[in-house]
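Remarks on the structure that follows.
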Amino acid sequence: MSKQAYIVFGTSNPNKVKEMAKIVAPTGVQMISLADYPNAIDVVEDGKTFGENARKKATEQAKHLREWVLAEDSGICVDYLNGEPGIYSARFALHNRCDDKRNNQLLLEKLDGVPLEKRTAHYTCHMVLSNQYGDVMFETEEICPGKILFEETGTGGFGYDPMFQPNGYDLTFGMLPSEVKAEISHRAKATRILVPFLFDLVKDGRLPVK
Ligand code: ITT
4 MSKQAYIVFG TSNPNKVKEM AKIVAPTGVQ MISLADYPNA IDVVEDGKTF
54 GENARKKATE QAKHLREWVL AEDSGICVDY LNGEPGIYSA RFALHNRCDD
104 KRNNQLLLEK LDGVPLEKRT AHYTCHMVLS NQYGDVMFET EEICPGKILF
154 EETGTGGFGY DPMFQPNGYD LTFGMLPSEV KAEISHRAKA TRILVPFLFD
204 LVKDGRLPVK
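Following this line, the structure appears as structure tokens:
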């Protein structure tokens, strides 16, 4: 069997992997999960911005594993809450771990009584690809604007998706077909910007193969 170029996916969130892997597939670059690296480190996300956290997740893991690592930091920024929960989206309700249900409940509570026109929000995704030495080789930040509705609807996507209605649509990401999220989400947009860069890396033989 011929060898294939690969990079490591520096995330513990399987939903991110699923959404990005499909878009990256045409490049032929194999995306190896952190699960295949039992010695991977748990990078501390103590940055003040999505960019700082994403750079940390990619470069610290890359230096540790001596591999190319792709990571992203993402979250939802709600205008009425001055951008909260932002970089704390995964640990909004529980401070140290992710629990989608409690995060969503807390967000609905904080927006109790706020009318629809003031419930504007956007998802942000800051994506970073690091080489095995911890040099940032690619970086982009994309957003997906929309509104937080009054209740959760649908089971599609993950996280805040059942309450998030992207601009231009009448349904939440929880209700919309996954193809729509794959077209317009913050993560999809960032990944599509990454794709031509990956094609170039493969063409120039700069990625490791196995
Ligand atoms: P890694 O750090 O291991 O990648 P994580 O889930 O902890 O995994 P983040 O720190 O970047 O990742 O937090 C992302 C959180 O933001 C995620 O857990 C959701 O609460 C929210 N979020 C980000 N993108 C989302 C999306 O597309 N749909 C719904 N919620 C999203």
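Going from the sequence shown to the working numbering is simple: count from 1 and add 3.
Note that the Cβ used here is the ideal one computed from N, Cα and C, for glycine as well.
Cβ of D51 within 7 Å of Cβ of A74? By one-based count along the sequence shown, residue 51 stands at place 48. By one-based count along the sequence shown, residue 74 stands at place 71. First, the amino acid is wrong: residue 51 is Lys here, not Asp. Going by C-beta atoms, K51 is not nearer than 7 Å to A74.
Which word fits R190, buried or exposed, when buried means at least 16 other C-beta atoms lie within 10 angstroms of its C-beta? Start at 1 with the first residue of the sequence shown, and residue 190 comes out as number 187. It is buried - the Cβ of R190 has at least 16 other Cβ atoms within 10 Å.
Beta-carbon gap between N185 and I151 smaller than 7 Å: As a working note, residue 185 is residue 182 in the sequence shown. As a working note, residue 151 is residue 148 in the sequence shown. Going by the sequence as given, residue 185 is Ala instead of Asn. Not closer than 7 Å, so no.
Starting from Q168, trace the beta strand (DSSP E) both ways and give me its first and last residue. Along the sequence shown, one-based indexing puts residue 168 at 165. Q168 -> beta strand (DSSP E) spans 167-169.
Which of helix, strand or coil DSSP assigns to T62: Looking up residue 62 in the sequence shown gives position 59. The answer is helix: DSSP assigns T62 an H, G or I state.
Just grab the DSSP bridge partners of G78 for me. On the sequence shown, residue 78 is found 75 positions in, with the first residue counted as 1. For G78, which the question treats as bridged, DSSP gives the partners T127.
Bridge-paired residues (DSSP) for M34: Along the sequence shown, read from residue 1 onward, the residue named residue 34 stands at position 31. In the DSSP output, where bridge partners are listed per residue, M34 has I10.
Who are the Cβ neighbours of T143 in its own chain at under 8 Å, not counting the five residues just before and after it? As a working mapping, residue 143 is identified with position 140 in the sequence shown. Taken in chain order, the residues that qualify are H129, M130, A193, I196, L197.
Buried or exposed: K21, going by 16 or more other Cβ atoms within 10 Å of its Cβ? Your numbering for residue 21 matches position 18 in the sequence shown. K21 should be labelled exposed.
Beta bridge counterpart(s) of I146 as assigned by DSSP: For the purposes of this step, residue 146 is taken as the residue at position 143 of the sequence shown. BP columns for I146 point to T127.
Report yes if the C-beta of C101 is less than 6 Å from at least one heavy atom of the ligand ITT; otherwise report no. Numbered from its first residue, the sequence shown carries residue 101 at position 98. Yes, the ligand ITT has a heavy atom inside 6 Å of this Cβ.
Among K19, Y91, G13, which one has its Cα closest to the Cα of H3? No statement about residue 3 is possible, as the shown extent of the chain runs from 4 to 213 and does not include it.
Is the CB-CB distance between T175 and Q168 below 7 Å? Along the sequence shown, read from residue 1 onward, the residue named residue 175 stands at position 172. Along the sequence shown, read from residue 1 onward, the residue named residue 168 stands at position 165. Cβ atoms of T175 and Q168: closer than 7 Å.
Does F141 come out as helix, strand or coil in the three-state DSSP assignment? Position 138 of the sequence shown, counting from 1, holds the residue named residue 141. Of the three classes helix, strand and coil, the one that applies to F141 here is strand, per DSSP.
What residues in its chain sit with their C-beta under 8 Å from that of G86, if we drop five residues either side in the sequence? Here residue 86 corresponds to residue number 83 of the sequence shown, with the count starting at 1. If we look at G86 and ignore the five residues flanking it on each side, its Cβ neighbours are C80.
Does the beta-carbon of A28 have 16 or more other beta-carbons within 10 angstroms, so that it is buried, or is it exposed? Within the sequence shown, residue 28 is the residue found at index 25, counting from 1. So A28 counts as exposed.
Cβ atoms of R209 and Q135: under 7 Å apart, would you say? Here the question's residue 135 lines up with position 132 in the sequence shown. Here the question's residue 209 lines up with position 206 in the sequence shown. Going by C-beta atoms, Q135 is not nearer than 7 Å to R209.
Thinking C-alpha only, which one of K121, C101, S15, T30 is nearest Y163? Indexing the sequence shown from 1 puts residue 163 at position 160. Ranking K121, C101, S15, T30 by Cα distance to Y163 puts C101 first.
Cβ of K6 within 7 Å of Cβ of V212? For the purposes of this step, residue 6 is taken as residue 3 along the sequence shown, with counting starting at 1. For the purposes of this step, residue 212 is taken as residue 209 along the sequence shown, with counting starting at 1. It is a contact, given that the beta carbons lie within the stated cut-off.
Ordered along the chain, which non-local residues of its own chain (more than five positions away) have a Cβ less than 6 Å from that of L201? Residue mapping note: residue 201 aligns to position 198 of the sequence shown, counting from 1. Contacts found: T30, V32.
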